[in-house]
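Residue numbers (our numbering), protein chains in the order written: chain A, 1 to 324; chain B, 1001 to 1323.
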Amino acid sequence: MSETNVIEAKGLTKTYGGATAVDHVTFTVGRGEIFGLLGPNGAGKTTTILMLLGLTEISSGEVSVLGFDPAREPLSVKRRVGYLPDTVGFYDQLTAADNLRYTARLIGFRSREREMRITAALDQVGLQEFADKYVGTFSRGMRQRLGLAEILMKGAQIAILDEPTSGLDPHATAELLAIIRGFKSEGVSVLLSSHLLERVQSVCDRVALFSNGRIALMGSVAELGREVLGGGYVVDIEADGAGLAERLALIPGVSGVEKIGIGKLRLHADRDVRPEAAAEVVAMHGRLKYLGIQEPSLDAIYTRYFATRPDEEMAMREGARHAA
Amino acid sequence: MRREGSAFQGLGVVMLKELADHLTGIRMIVLEWLVVLMALGVVYTGIQQIREVSAEDPFLFLRLFTRSGEGLPSFVSVLSFLVPLVAIGIGFDLVNSERNQRTLSRILSQPIYRDALLFGKFLAGLLTMTIMLVALWLMVIGLGILTLGLPPGAEEVARAVAMLIVTIVYAGVWLALALLFSIVFRSGATAALVALGLWLFLTILWPLLSPYLAAVFVSDTVTTPAELLSHLGVLQAFARLSPGALFGEIVGVLLDPTVRSTQQPLLASLGLALVQPGAIPGAPLPLLQSFEVVWPQTVGMVASAILLFVIGYVIFQRQEVRA
């Protein structure tokens, strides 16, 4: 166990009867990092998470969470790790605060500390007004936020979130992602799983793309983009001026100029050419309306990566259809 | 490989939460009223009978539990019939409701073992039933003192307490069975229907069926008393597959000191009396000897409760937490 990694999984494998759900998965999560396990439903993300928590047996491989073995020391792991299951459930007949009180008692907090922690956690996720409301009346987004409050109350060092944004409207998703970013700023490491690539792309420091129980790709979104999409930078520019396209093509490093609309051009380059492009427009007294660089999108990486592996892509598409 | 920490960490917390759920839930209130009203009703009519017939009975108080009004069941037969219903009502959704509410994986990701969750749920259910049965028992005793106008003797109290304990064990058997079904069946409705079906089968159909099944294993002609007794033994062995039959045998002996053997009521129904060498027919048996007579049955009932719980426990430990 190194100082910087909070989760280390090596050759993690889970078989059910003859079927292999997770197949030799190896990854690490660094301290204070947001790590995304991405992929379609049924790719092995939830099973991987349950193995990390010691909630399901490991068929083979090694895993260490904060230096503990989840199979042998599950209590030490579960005391330090917060878990938000896929579509988390609470006792509908209890209030939000009572639900958290039950968990706090299970963890073993004394009464004064318990109340302080619950109040603070509910404040942090914006549920303070609903502390004494029955969870039966809560919307899905509120339940997810209550689940995050539970992790905050626990004072967890690692938050493991399974599909935290699935089934939420865009507003609730944005709120949830903001809370997850808050975890990072408090030094809590986050491991989250999702089948919705675009939504979680913005919060993840590093991601692992799952496919049929294996990790197909791993790294930061930018790294993956360079690796899979061919290392290019794409700069979009909107400006007027005759002959602009020809002049932009002469900028060193630009490999191609593409017209994508009236006055809109797309530059493919091997480096960030935004300063030179702006200078060119100004030099020809053109009016610059827009200049931006495209971040590589996970969807694009995903599609491109599996385009070169048709078999796997088929499996992915299948999974994605089930997910939808 | 030893597990870290205690399997019972969090047991008390789970038990208190479950107990609070049971005691405040509408389901338990309905079941409790059903049992209390029926039980007190039959005791009340029983008292009218006792007043008329048996004024000089040395164990008058125990008649409260066994005697009944014209055409009505006695207090113990009401218990034998309704205690399983309450136990099933408490137990049929103990585990599968956690799954269906999707709280199971969240609770199990707290620093407790599954053992604590299951033990806590079972103990809370048993405690709920104990509270109900003790309250009911006290009400019956109180009603007896008020209407009969005399306090129970020490031996009567001891026998009544023994009956109470046996009733709690009987409740434990059915609770363990309901808990097992709540683990095996993911749907609460299925678990409830299967448990209720088994309950109806064992309490209504089995007493009618078991003599016919037993007849397969014994000869039709009985010539000697020894043959008769072995014949009855086979009959009983079959009948005892129903926990209700075991319960009936035990309380029958505990509450009537003149019963010297669990076969005596069967013989009496054939118009025969059990004569033991050196015993005076009809003389009451001392307390400890009554206990001795029903000790095997009581141990059997405790064992079946433990066995059912252990089967459920093993299945629960091996189940995947994800829905």
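By construction, the Cβ of each residue, glycine as well, lies at the ideal position given by its N, Cα and C atoms.
No experiment lies behind these values; they were computed from the predicted model shown.
Taking C-beta to C-beta, are residue i and residue j nearer than 7 Å?
i, j, result
"A/A245", "A/V257", "yes"
"B/L1016", "B/A1087", "no"
"A/V88", "A/R143", "yes"
"B/F1092", "B/A1214", "no"
"B/S1210", "B/F1247", "no"
"A/I58", "A/A43", "no"
"B/V1083", "B/A1171", "yes"
"A/T47", "A/D162", "no"
"A/L38", "A/L197", "yes"
"A/S119", "A/S60", "The sequence shown places Thr at residue 119 of chain A, rather than the Ser named in the question. No, they are not a contact pair."
"B/V1078", "B/M1038", "yes"
"A/I49", "A/I215", "no"
"B/F1061", "B/G1125", "no"
"B/T1262", "B/P1284", "no"
"A/G253", "A/A269", "yes"
"A/T165", "A/L176", "yes"
"B/P1243", "B/V1173", "yes"
"A/R266", "A/D236", "yes"
"B/Q1297", "B/E1249", "yes"
"A/L250", "A/A277", "no"
"A/V203", "A/I34", "yes"
"B/G1046", "B/R1067", "yes"
"A/K154", "A/G54", "no"
"A/E150", "A/T103", "yes"
"B/E1018", "B/M1132", "no"
"A/L66", "A/R80", "yes"
"A/V135", "A/F90", "yes"
"A/N41", "A/H195", "yes"
"B/F1217", "B/A1116", "no"
"A/E73", "B/E1156", "no"
"B/L1308", "B/S1182", "no"
Just curious, the beta strand (DSSP E) that residue i is in, first and last residue?
i, result
"A/S255", "V254 to G261"
"A/L75", "Looking at the DSSP string, A/L75 is not in any beta strand (DSSP E); the run it does join, the alpha helix (DSSP H), is P74 to R80."
"A/I7", "N5 to Y16"
"A/F210", "R206 to S211"
"A/I34", "I34 to L38"
"A/V214", "At residue 214 of chain A the sequence reads Arg, which differs from the Val that was named. Element bounds for A/R214: R214 to G219."
"B/E1070", "It is not in any beta strand (DSSP E) - B/E1070 carries neither H nor E in the DSSP assignment."
"B/V1259", "First-last for B/V1259: undefined, no H or E at that position."
"A/A43", "A/A43 -> no beta strand (DSSP E), and no H or E assigned at all."
"A/A19", "A19 to G30"
"A/V65", "S60 to V65"
Assuming the contact rule is C-beta atoms closer than 8 Å, residue i and residue j should be a hit. Round their C-beta distance to whole Å, please.
i, j, result
"B/P1207", "B/A1162", "Going by Cβ atoms, the distance from B/P1207 to B/A1162 rounds to 24 Å, so no, they are not a contact pair."
"A/L191", "A/I7", "7 Å"
"A/V25", "A/S189", "No, A/V25 and A/S189 are not in contact; Cβ-Cβ is about 18 Å, not under 8 Å."
"B/L1180", "B/I1029", "Actually they do not touch by this definition, with Cβ atoms about 25 Å apart."
"B/A1158", "B/L1287", "6 Å"
"A/L106", "B/V1013", "5 Å"
"B/I1315", "B/V1140", "Between B/V1140 and B/I1315 the Cβ distance is about 38 Å, and since that is not below 8 Å, they are no contact."
"B/L1232", "B/L1266", "5 Å"
"B/L1228", "B/V1234", "Rounded, the Cβ-Cβ distance is 11 Å, inconsistent with contact."
"A/I301", "A/G225", "6 Å"
"A/A21", "A/G213", "6 Å"
Between which two residues does the alpha helix (DSSP H) holding residue i run?
i, result
"B/F1061", "L1060 to T1066"
"B/V1014", "L1011 to T1024"
"B/G1312", "L1287 to R1318"
"B/E1098", "N1096 to N1100"
"B/S1105", "L1104 to L1108"
Q. Between the stretch 75-91 of chain A and chain B, which residues of the former have CB atoms less than 7 Å from a CB of the latter, in chain order?
A. Correct list: L75, S76, K78, R79, Y83, P85, T87, V88, G89, F90 and Y91.
Q) What are the start and end residues of each continuous beta strand (DSSP E) run of 3 or more residues lying completely inside the stretch 149-196 of chain A, in chain order? A) 158-162 and 189-194
Q: Enumerate, from N- to C-terminal direction, the unbroken alpha helix (DSSP H) stretches of 4 or more residues contained entirely within the stretch 93-150 of chain A.
A: 96-107 and 111-124
Q: Please list the residues of the stretch 1073-1106 of chain B that have a C-beta atom closer than 7 Å to any C-beta atom in chain A, keeping them in chain order.
A: Q1101, R1102, T1103, S1105 and R1106
Q) What alpha helix (DSSP H) runs, 4 residues minimum, are completely inside the stretch 1125-1194 of chain B? A) You should have 1154-1184.
Q: Could you please tell me which residues of the stretch 100-116 of chain A, in chain order, have their CB closer than 7 Å to any CB of chain B?
A: Y102, T103, R105, L106 and I107
**Q.** Complete alpha helix (DSSP H) runs within the stretch 233-309 of chain A (minimum length 4 residues, chain order)
**A.** For secondary structure counted as the alpha helix (DSSP H) over 4 or more consecutive residues, the stretch 233-309 of chain A holds these complete runs in sequence order: 244-249, 274-283 and 298-307.
Q: Would you list, in chain order, the members of the stretch 1216-1250 of chain B that have their beta-carbon closer than 9 Å to a beta-carbon of chain A?
A: none
Q) Going along the stretch 196-224 of chain A in order, which residues come within less than 8 Å of chain B, judged by CB to CB distance? A) For the stretch 196-224 of chain A, the set of residues with a beta-carbon nearer than 8 Å to any beta-carbon of chain B is empty.
Q) Using a beta-carbon distance cut-off of less than 7 Å, what residues from the stretch 56-73 of chain A approach chain B? A) T56, R72 and E73
(Q) What are the residues in the stretch 1033-1054 of chain B lying within 8 Å of chain A by C-beta distance? (A) none
**Q.** Selection of the stretch 1105-1125 of chain B by Cβ proximity to chain A, strictly under 8 Å
**A.** Listed by position along the chain: S1105, R1106, I1107, L1108, S1109, Q1110, P1111, I1112 and Y1113.
(Q) For a minimum of 4 consecutive residues, which ranges assigned as the alpha helix (DSSP H) are wholly contained in the stretch 1194-1232 of chain B? (A) 1206-1215
Q | Positions along the stretch 1302-1322 of chain B whose CB lies within less than 9 Å of some CB in chain A | A | Per Cβ criterion, the list reads E1320, V1321 and R1322.
(Q) Please list, in chain order, the residues of the stretch 1010-1028 of chain B that have any C-beta partner in chain A closer than 7 Å. (A) Per Cβ criterion, the list reads G1010, V1013 and K1017.
Q: Please list the residues of the stretch 21-54 of chain A that have a C-beta atom closer than 7 Å to any C-beta atom in chain B, keeping them in chain order.
A: T46, L50 and L53
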